[in-house]
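First up is the structure itself, then whatever we jot down about it.
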Amino acid sequence: PLADTEAHINNALVWGKSDCLLTTSDAIEAVTGIEPASEVRGKYKSRAGAYRLIKQRGFASLSAVLADHFEETPVAMAQRGDVGIFEKTVGYFCEYGFAVKGEDGLRFLPRTMAERAFKVS
1 PLADTEAHIN NALVWGKSDC LLTTSDAIEA VTGIEPASEV RGKYKSRAGA
51 YRLIKQRGFA SLSAVLADHF EETPVAMAQR GDVGIFEKTV GYFCEYGFAV
101 KGEDGLRFLP RTMAERAFKV S
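full-length UniProt numbering numbers the first residue of the sequence shown as 1 and each following residue consecutively.
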């Protein structure tokens with residue numbers, strides 16, 4: 001999802017518009033053609049609002065959401081386009097490492113910093 005990475009690289013975090021969930025959803029859409037967060041995009045404006053929506057849908061965490069939709073894979077086996085979790089933040093594996101949304105745009109962590117990984121393709 002190189003185009004998605006470039007589109008989000010300098011965009012500041014805005015809850016409900018450009019946050020970790022929606023940035024990762026865009027990366028998933030680039031791989032699968034399906035946007036998994038379409039039902040929640042724009043429906044929250046804060047971290048608390050995002051977690052409220054997650055809980056309303058019956059999930060305890062972002063990890064639980066990913067586990068419900070994708071098969072877990074060892075972090076060492078994750079490929080570009082797969083998704084993962086780092087410190088309660090969802091991100092995706094890309095050509096630059098593990099991309100997570102930070103306050104000022106995307107941050108690229110070493111792939112090994114992801115705590116869990118899920119196969120998208």
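Cβ coordinates follow ideal geometry from the N, Cα and C atoms, glycine included. Just so we're clear, the structure is a prediction, and the values are computed from it rather than from any experiment.
Query	Result
Cβ contact (3+ pairs, closer than 8 Å) linking the segment 17-32 and the segment 96-116	yes
Selection from Val75, Lys88, Ile34 and Asp104 that minimises the alpha carbon distance to Cys94	Val75
Distance, Lys119 Cα to Gln111 Cα	Rather than Gln, the amino acid found at residue 111 in this sequence is Arg. Roughly 14 Å separates the two Cα atoms.
At least 3 beta-carbon pairs within less than 8 Å: the segment 103-110 vs the segment 58-70	no
Local Cβ density within 10 Å of residue 122, reported as buried at 16 or more and exposed below that	For the chain, the structure presents residues 1 to 121; residue 122 sits outside this window and is missing.
Cβ contact check for the segment 39-48 and the segment 81-89: 3 or more pairs under 8 Å	no
Buried versus exposed call for Gly91 [16 or more other C-beta atoms within 10 Å across all chains shown]	buried
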